[in-house]
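Notes to accompany the following structure.
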Amino acid sequence: MANSILSAKVLQNEAAAIAWVEARVWPNGPVCPRCGGFDRIGKMGGKATRIGLWKCYQCRKQFTVKVGTVFEDSHVPMNLWLQAMYLLCSSKKGISSNQLSRTLGVTLKTAWFMSHRIREAMRVVGIEPMGSGGAVIEADETFIGRKKGVPMARTGMGHKMAVMTLVERGGKARSFHIDRTNKAEVEKIINANVSKEAQLMTDSASYYMHGQFNVADHSLVDHEDDEWARYEKDEDGNERVDAHQHGRELLLGVQARNERRLPALQ
Ligand SMILES: [Zn+2]
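Residue 730 in our numbering sits at position 121 of the sequence shown, with consecutive numbering throughout.
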C-alpha cells in the first residue's frame with residue numbers, strides 16, 4: 610500500500626505531534642518560557658493532565674511548548690495544527706478558511722484563526738533586514754542553558770549554548786542560536802539580518818573586530834571589566850549612561866549577568 614504522507618503519525622496523533630514540535634522548539638531539552646530555567650523542569654503526568662504539560666520548579670509555573678509560538682492560546686490539538694500547516698504549504702494557491710474548516714472538521718472561526726496564525730508565522734520568516742534607514746543595531750552574544758550531553762565545565766562556557774542577539778534601537782530584537790562564537794558565524798548572522806544602511810554597534814571581541822560586515826558604519830564599544838554601559842555626553846557635557854545599552858542588557862537576561870565572557874575563538 611502506498612505510504613501516504615497523510616498517515617504520518619505526527620499528523621494523526623496529538624502526543625506525537627507535540628513531541629515533534631518540542632524537538633524543534635527545544636532542541637536541547639525543555640526551557641521554561643517564563644524564567645528561562647532549564648534544569649529543574651518536570652513533565653506532568655496523570656490522566657487528567659493535558660498532553661505536553663511541563664512544570665518549572667524554579668518559578669513554579671506550568672507551561673507547554675505552545676507558549677510563545679503561533680500555537681499559543683489555542684485548544685486545537687497539535688496534530689490538527691500540523692495538518693493545517695501541511696495543507697496551507699502543500700498547494701501553490703494555498704487553501705481558503707472554508708476549505709480548511711471542511712477538511713479538518715473544525716468551525717470556520719477556528720479555521721480562520723489557524724490560517725491567520727500560520728500565514729503570520731510564514732510572513733515573519735520572510736524577514737526584512739534590521740536597521741533599514743540607518744538605524745543603530747546592537748549585536749551581542751550570551752551563554753545560556755546547557756548543551757545536551759556536554760558535562761558542566763568548571764571553567765569556560767563550552768557546556769553552554771551561545772545565543773546571539775541583535776537589537777534595533779527603539780525597535781525589534783532577534784536572537785539566534787550559534788554553534789560557535791567565531792568570525793564566520795557572526796558574519797553570517799549579521800550579514801543575513803542587518804541592512805547595509807545600518808549602523809552596527811558591537812563589543813571589541815576579535816570576531817567583531819576582524820569581521821567583514823556589510824553595513825554603513827561599525828562602532829566598537831569597549832567593555833572590558835565591568836564597564837559595559839556606554840557613556841554619552843548630553844548637551845551640558847554631563848556623562849550619562851546610554852539607556853539603549855541598558856535595554857539590551859535587560860533583554861539578554863539576568864542569567865547572563867554574572868557569567869564570564871568566553872575568550873574569542875580563533
Ligand atoms: Zn520557570
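Positions of the beta carbon are idealized from the N, C-alpha and C atoms, including for glycine.
All values reported here derive from a predicted model rather than from experimental measurement.
- In terms of CA proximity to A793, F822 leads the group G779, F822, E623, A657.
- Put simply, of C665, V630, W663, T811 the residue whose alpha carbon is nearest the alpha carbon of W690 is V630.
- Closest in alpha carbon position to N707, among K701, Q692, I746, W721, is W721.
- The beta carbon of Q667 sits closer than 7 Å to at least one heavy atom of ligand 1.
- The beta carbons of C665 and I650 sit closer together than 8 Å.
- Comparing alpha carbon positions, the residue from S710, L662, T811 closest to K652 is L662.
- Going by DSSP, L615 is part of no alpha helix (DSSP H) at all; its letter is neither H nor E.
- Partner residues in the beta bridge of D826, as assigned by DSSP, are Q808.
- Two segments are said to touch when three or more pairs of C-beta atoms, one from each, lie closer than 8 Å; by this definition the region 767-785 does not touch the region 722-732.
- Within 10 angstroms of the beta-carbon of N612 lie fewer than 16 other beta-carbons, which makes it exposed.
- Within the same chain, V674, T678 come within 7 Å of V634 by CB-CB distance, once the 5 residues on both sides are set aside.
- Residue pairing from DSSP places V745 in a beta bridge opposite Q808.
- As for any beta strand (DSSP E) of minimum length 3 sitting wholly inside the region 683-715, there is none.
- The distance from the Cβ of F752 to that of M770 is about 7 Å, consistent with a contact at the 8 Å cut-off.
- Of the residues assessed, L620 falls on the buried side of the cut-off, its CB having 16 or more other CB atoms within 10 angstroms.
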